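Enquirer: Dumping the structure here so I can ask a few things about it.
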Amino acid sequence: MNIAKHTVVTIDYTLTDQHGAILDSSKGEEPLAYIQGVGTIISGLEAALERKAPGDAVKVSIPPESGYGLRDDSLQQVVSRQMFNGPGELEVGVQFRARTQDRTQTMTIVGIESDDITVDGNHPLAGETLNFDVTVLDVREATTEELSHGHAHGAGGHGH
Ligand code: ZN
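In the working numbering, the protein residues as written are 5 to 164.
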C-alpha cells in the first residue's frame with residue numbers, strides 16, 4: 005500500500021540541521037506512527053512521503069517555509085523577572101508554557117540580564133532547514149476511530 009491521505013504511516017527517521025547535527029531521531033526508540041494528511045507532521049515531510057511504500061527510503065531537505073516557519077522577531081520580548089513566580093531556576097534554554105489571548109504557546113528563555121528576561125515564542129526549529137532521512141516501515145488505512153482522534157493508535161502511535 006502506498007502513502008496517501010488518511011493512511012497510518014510508520015517511519016524510522018533521523019532529523020539533522022544544516023550542520024549535520026542530529027536534532028531528533030527514532031533510532032533506538034519506537035518508530036513514529038502518524039496519519040498522513042492531517043497536519044501532524046510538517047507539510048514538507050508529508051509532501052515528500054506522499055505515494056511512498058514500505059521499504060522506501062526518503063532523504064529530503066525542507067526549507068523553513070514548509071517546516072516550522074520563518075523566525076518572527078516580534079515573538080521575542082523582554083519581560084521582568086517578577087513575571088516568573090515559580091520555584092524553577094531561570095536559565096537560558098528553559099522552556100515554559102505561556103497563555104496568550106487565545107492559546108498557550110511554548111516560550112524559550114533566550115537571555116537573562118539581571119531582572120530582564122528575554123523570552124522567545126518562536127518554535128525552537130523556526131528558521132531552520134531540516135534534513136530528514138526517513139525509512140517507511142508500514143502503511144495501512146486509518147480506522148474511523150483514529151481519524152476522529154486525529155492520531156494513530158497502536159505501536160508508535162498515541163497511547164491512551
Ligand atoms: Zn486516540
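Cβ coordinates follow ideal geometry from the N, Cα and C atoms, glycine included. The structure displayed is predicted, hence computed values, not measured ones.
1) Which one or two residues does DSSP pair with Ser65 in a beta bridge?
2) Please tell me whether, using a cut-off of 8 angstroms, the distance from the CB of His10 to the nearest non-hydrogen atom of the ligand ZN is below it.
3) CA-CA distance, Ile26 and Gln105?
4) Determine, using beta carbons only, whether Pro58 comes closer than 9 angstroms to chain D.
5) Report buried or exposed for Asn6, applying the criterion of at least 16 other Cβ atoms within 10 angstroms of its Cβ.
6) Based on DSSP bridge pairs, tell me the residues matched to Ser84.
7) What beta strand (DSSP E) runs, 3 residues minimum, are completely inside the stretch 23–77?
8) Going by the beta-carbon positions, is the gap between Asp60 and Thr139 smaller than 9 angstroms?
9) Cβ of Glu145 within 8 angstroms of any heavy atom in the ligand ZN?
10) Note down the Cα distance separating Val12 from Val83, rounded to an integer number of angstroms.
11) Is it the case that the Cβ atoms of Val42 and His10 are separated by a distance below 9 angstroms?
12) Judging by CA-CA distance, which residue of Pro128, Ile39, Glu34 and Thr108 is the nearest neighbour of His153?
13) From the DSSP output, read off the bridge partner residues of Gln99.
14) Roughly how many angstroms lie between the CA atoms of Glu117 and Leu94, to the nearest whole one?
15) Kindly indicate the opening and closing residues of the beta strand (DSSP E) around Leu168.
Expert: Let's see:
1) As a working mapping, residue 65 is identified with position 61 in the sequence shown. Listed as beta-bridge partners of Ser65 by DSSP are Asn135.
2) Taking the first residue of the sequence shown as position 1, residue 10 is located at position 6. No - the ligand ZN has no heavy atom lying nearer than 8 angstroms to the Cβ of His10.
3) Taking the sequence shown and counting its residues from 1, the one referred to as residue 26 is at position 22. Taking the sequence shown and counting its residues from 1, the one referred to as residue 105 is at position 101. Note on geometry: alpha-carbon atoms of Ile26 and Gln105 lie some 35 angstroms from one another.
4) Any reference to chain D falls outside this structure, which holds one protein chain only.
5) As a first step, residue 6 is located in the sequence shown; it is residue number 2 there, counting from the start. By the 10 Å Cβ count, Asn6 comes out exposed.
6) Against the sequence shown, residue 84 aligns to sequence position 80. BP columns for Ser84 point to Asp120.
7) Within the stretch 23–77, the complete beta strand (DSSP E) runs of at least 3 residues are 26–29, 36–39 and 61–66.
8) Along the sequence shown, one-based indexing puts residue 60 at 56. Along the sequence shown, one-based indexing puts residue 139 at 135. Yes, the pair counts as a contact, with Cβ atoms nearer than the cut-off.
9) Translated into the one-based positions of the sequence shown, residue 145 becomes position 141. No; taking the cut-off as 8 angstroms, the Cβ of Glu145 has no heavy atom of the ligand ZN nearer than that.
10) Translated into positions along the sequence shown, residue 12 becomes position 8. Translated into positions along the sequence shown, residue 83 becomes position 79. C-alpha separation (whole angstroms): 43 angstroms.
11) In the sequence shown, counting from the first residue as 1, residue 42 sits at position 38. In the sequence shown, counting from the first residue as 1, residue 10 sits at position 6. Against a cut-off of 9 angstroms, the Cβ pair of His10 and Val42 comes out as a contact.
12) Position 149 of the sequence shown holds residue 153. Closest by alpha carbon: Ile39.
13) Against the sequence shown, residue 99 aligns to sequence position 95. Residue pairing by DSSP puts Gln99 in a beta bridge opposite Thr112.
14) Stepping through the sequence shown from its first residue, residue 117 is reached at position 113. Stepping through the sequence shown from its first residue, residue 94 is reached at position 90. Distance between the alpha carbons of Glu117 and Leu94: 11 angstroms.
15) As shown, the chain starts at 5 and ends at 164. That puts residue 168 outside it, with no answer to give.
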